[in-house]
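Using the numbering used here, you'd call the opening residue of the sequence shown number 348 and step up by one each time. For reference, the structure is listed below as structure tokens.
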Amino acid sequence: CASFACQSARRCLCSSRRTKQVVGHIWIVIVNYRTAVLTVDCLHSIAAQIAELPKLHTVVVDNASGDGSIEKLMGVFDREGWHGWASLLPLDRNGGFAFGNNAGIREALRSTRHVDYVMFLNPDTIVRGGAIRAFREQR
Numbered sequence: 348c349a350s351f352a353c354q355s356a357r358r359c360l361c362s363s364r365r366t367k368q369v370v371g372h373i374w375i376v377i378v379n380y381r382t383a384v385l386t387v388d389c390l391h392s393i394a395a396q397i398a399e400l401p402k403l404h405t406v407v408v409d410n411a412s413g414d415g416s417i418e419k420l421m422g423v424f425d426r427e428g429w430h431g432w433a434s435l436l437p438l439d440r441n442g443g444f445a446f447g448n449n450a451g452i453r454e455a456l457r458s459t460r461h462v463d464y465v466m467f468l469n470p471d472t473i474v475r476g477g478a479i480r481a482f483r484e485q486r
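Next comes the structure, spelled out in structure tokens:
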């Protein structure tokens, strides 16, 4: 579509052209504060969907947990081979939940990967099969 609004959004917004085949690059932000076990469960639920979501990246922002969360998470990333679609961003201080989410957004904006959508998940979220794809298709 050649409309200015669609060009600015980098995707067609016209209802006549919208389809469920919109391919969007999704960046998931999970803020961890002393919840490494829950965060790993959340990541496992995302990992189960990675094959159908090649344009997805997840960043876990550690909000200065100080309880060994960073080491636990890095160990799981290494063991599971998640470095291709997930990364860890340790913060020097805990500025609160919004601060952690904003750090994840800044990381997305600095990324060399194109980002169309940012999705925020709490560490205790278990993502149902097909949920991320459905999110992308509804945009």
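Every residue gets a Cβ at the ideal spot worked out from N, C-alpha and C, and that includes glycine. All figures in this text were calculated on a predicted structure; none of them were measured in a lab.
Straight-line gap, residue i to residue j (C-alpha atoms, nearest Å)
i	j	result
Arg480	Ile397	10 Å
Phe424	His430	6 Å
Leu390	Val474	9 Å
Thr488	Asp388	The question about residue 488 has no answer here: the residues shown for the chain are numbered 348 through 486.
Val407	Gly428	15 Å
Asn469	Ala478	15 Å
Asn379	Thr386	7 Å
Met421	Gly371	27 Å
Which of helix, strand or coil DSSP assigns to residue i
i	result
Ile377	strand
Leu420	helix
Val384	helix
Leu290	A question about residue 290 goes unanswered here, because the residues of the chain that appear run from 348 up to 486.
Presumed contact (8 Å Cβ cut-off) between residue i and residue j, rounded CB distance
i	j	result
Gly447	Leu438	7 Å
Tyr464	Arg483	7 Å
Thr382	Ile393	Contact doesn't hold; Cβ gap of about 15 Å is too wide.
Contiguous beta strand (DSSP E) assignments of at least 3 residues, all confined to the stretch 386-414: For the stretch 386-414, the continuous beta strand (DSSP E) assignments of 3+ residues that do not extend past its boundaries occur at 403-409, in sequence order.
The stretch 414-422 touching the stretch 453-468, judged by at least three CB pairs closer than 8 Å: Cβ pair count under 8 Å is below three, so no.
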